[in-house]
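So the protein sequences, as listed, match chains A and B. Everything in the first sequence is counted per our numbering, starting at 1 for the first residue and increasing by one. Everything in the second sequence is counted per our numbering, starting at 1001 for the first residue and increasing by one. Single-structure report; data block below.
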Amino acid sequence: QQQVKQSPQSLIVQKGGIPIINCAYENTAFDYFPWYQQFPGKGPALLIAIRPDVSEKKEGRFTISFNKSAKQFSLHIMDSQPGDSATYFCAAMRTGANNLFFGTGTRLTVIP
Amino acid sequence: DAGITQSPRHKVTETGTPVTLRCHQTENHRYMYWYRQDPGHGLRLIHYSYGVKDTDKGEVSDGYSVSRSKTEDFLLTLESATSSQTSVYFCAISAMSAGYTFGSGTRLTVV
């Protein structure tokens, strides 16, 4: 079964909007939660990652919010731009385990 | 993607034929992975390697085998290709078991 559940499947926002992508997991042994960005014809690229000892992490316009008790984490993109249009994947793993489990992806479209 | 190359980029093959995909890295990373990407499933791990000649199965390993005879090369073989193996295959590398870097992928079509 899907180890990491991701929603929504697709998202359309206006330029400057704040798209939010949500993920949930069940395995409490997971301790590393990265987000990947993928453009058509390319491989996924690491965007930002968080560990459960913090509730929020920001890198530029990208923010991860993490709720350990709810086993949920989300990606917020501030001041979104058309160049942010891509597919975003959340993922989770236990450090040392050698299997990074991915969500099913969210296709984001930012309209100019 | 810098440091990791997949070949071929595209391949069409017939059902029942063997197919080998190649992943080559120049980063000298210990860990290498093969994933497949399918709509509605995200990326799923097929096999991984934690050193030369050291490999293990992932969650969708049936019908696939791998080999790693050198640090820089990780081969994925479909022993007898089936239509259900039509997919985009990604190789990834990491120095430790986190912080994966992905290649650009191989689009495989089995007809």
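Glycine residues also receive a C-beta, built at the ideal position from the N, C-alpha and C atoms.
Could you check how far apart the C-beta atoms of Thr63(A) and Lys71(A) are, in whole angstroms? I think they sit under 8 Å.
Reading the first sequence from its first residue, position 63 is the one you call residue 63(A). Reading the first sequence from its first residue, position 71 is the one you call residue 71(A). Actually they do not touch by this definition, with Cβ atoms about 19 Å apart.
So, under 8 Å CB-CB, Ile1046(B) and Gln1025(B) are touching, yes? Tell me the CB distance rounded to an integer number of Å.
As a first step, residue 1046(B) is located in the second sequence; it is residue number 46 there, counting from the start. As a first step, residue 1025(B) is located in the second sequence; it is residue number 25 there, counting from the start. Incorrect: roughly 17 Å between the Cβ atoms, too far for contact.
By the DSSP assignment, the beta strand (DSSP E) with Leu100(A) in it spans what residues?
In the first sequence, residue 100(A) corresponds to position 100, counting from 1. Looking at the DSSP string, Leu100(A) is not in any beta strand (DSSP E), and its letter there is neither H nor E.
For Pro1018(B), I'd like the list of residues in its chain whose CB is within less than 8 Å of its CB, leaving aside the five on either flank, ordered along the chain.
Numbered from 1 along the second sequence, position 18 holds the residue referred to as residue 1018(B). Excluding residues within five positions, the ones whose Cβ falls inside 8 Å are Thr1077, Leu1078, Glu1079, Ser1080, Ala1081.
Please say whether Phe66(A) and Gln3(A) have beta carbons closer to each other than 8 Å?
Mapped onto the first sequence, residue 3(A) falls at position 3. Mapped onto the first sequence, residue 66(A) falls at position 66. No, these two residues do not count as a Cβ contact at 8 Å.
Contact criterion: CB-CB distance below 8 Å. Does Phe39(A) meet it with respect to chain B?
The count along the first sequence starts at 1 and reaches residue 39(A) at position 39. By this cut-off, Phe39(A) is not an interface position.
When the cut-off is 8 Å and only beta carbons count, does Phe1090(B) lie next to chain A?
Stepping through the second sequence from its first residue, residue 1090(B) is reached at position 90. Output row for Phe1090(B): interface = yes.
If you draw a straight line from the alpha carbon of Ser1084(B) to that of Gly1063(B), how long is it in whole angstroms?
Residue 1084(B) sits at position 84 when you count from the first residue of the second sequence. Residue 1063(B) sits at position 63 when you count from the first residue of the second sequence. Taking the straight line joining both Cα atoms gives about 10 Å.
So if I threshold CB-CB distances at 7 Å, which residues from the region 1095-1107 of chain B count as touching chain A?
Ser1097, Ala1098, Gly1099, Tyr1100, Phe1102, Gly1103, Ser1104, Gly1105
Alpha-carbon to alpha-carbon, Pro19(A) and Lys5(A)
By one-based count along the first sequence, residue 5(A) stands at place 5. By one-based count along the first sequence, residue 19(A) stands at place 19. Answer to the nearest angstrom: the Cα atoms are 17 Å apart.
Do we get a CB-CB distance below 8 Å when we pair His1041(B) with the residues of chain A?
To locate residue 1041(B), count along the second sequence from 1; it is residue 41. Chain A contact via Cβ: present.
Identify each residue in the region 11-32 of chain A for which the Cβ-Cβ distance to at least one residue of chain B is less than 9 Å, and report them in chain order.
Tyr32
Taking the alpha-carbon positions, what's the Leu1075(B) to Gln37(A) distance?
Mapped onto the second sequence, residue 1075(B) falls at position 75. Mapped onto the first sequence, residue 37(A) falls at position 37. Their Cα atoms are separated by approximately 25 Å.
List, in order along the chain, the chain A residues whose C-beta lies closer than 9 Å to that of Gly1058(B)?
Position 58 of the second sequence holds residue 1058(B). Chain A residues near Gly1058(B): Asn98, Asn99.
Pick from Glu26(A), Ala91(A), Asn22(A) that is closest to Tyr1100(B), judged by C-alpha positions
For the purposes of this step, residue 1100(B) is taken as residue 100 along the second sequence, with counting starting at 1. Ranking Glu26(A), Ala91(A), Asn22(A) by Cα distance to Tyr1100(B) puts Ala91(A) first.
Using the C-alpha atoms, what's the distance from His1029(B) back to Tyr1048(B)?
Position 48 of the second sequence, counting from 1, holds the residue named residue 1048(B). Position 29 of the second sequence, counting from 1, holds the residue named residue 1029(B). Approximately 13 Å, taken between the alpha carbons.
Applying the criterion that 16 or more other CB atoms from any shown protein chain within 10 Å of the CB defines a buried residue, is Ser1007(B) buried or exposed?
Reading the second sequence from its first residue, position 7 is the one you call residue 1007(B). By the 10 Å Cβ count, Ser1007(B) comes out exposed.
According to DSSP, what are the bridge partners of Glu1079(B)?
If you number the second sequence from 1, residue 1079(B) lands on position 79. DSSP lists no partner for Glu1079(B).
If you measure from the beta carbon of Pro44(A) to each beta carbon in chain B, is any gap under 8 Å?
As a working mapping, residue 44(A) is identified with position 44 in the first sequence. True, the Cβ-Cβ gap to chain B drops below 8 Å.
If you measure between the beta carbons of Thr104(A) and Gly1105(B), is that distance less than 8 Å?
Working through the first sequence from its first residue, we reach residue 104(A) at position 104. Working through the second sequence from its first residue, we reach residue 1105(B) at position 105. It is not a contact, given that the beta carbons lie outside the stated cut-off.
Which same chain residues, not among the five before or five after Met1032(B), have their C-beta less than 6 Å away from its C-beta?
Along the second sequence, read from residue 1 onward, the residue named residue 1032(B) stands at position 32. Excluding sequence neighbours, Met1032(B) sits near Ser1049, Phe1074, Ile1093.
May I ask which residues mark the beginning and end of the beta strand (DSSP E) holding Gln972(B)?
Given that chain B is displayed from residue 1001 to residue 1111, the structure contains no residue 972(B) and the question cannot be resolved.
For Pro8(A), count neighbouring C-beta atoms within 10 Å of its own C-beta (all shown protein chains included) and say buried if the count is 16 or more, exposed if not.
Working through the first sequence from its first residue, we reach residue 8(A) at position 8. The residue in question, Pro8(A), is exposed, as its Cβ has fewer than 16 Cβ neighbours within 10 Å.
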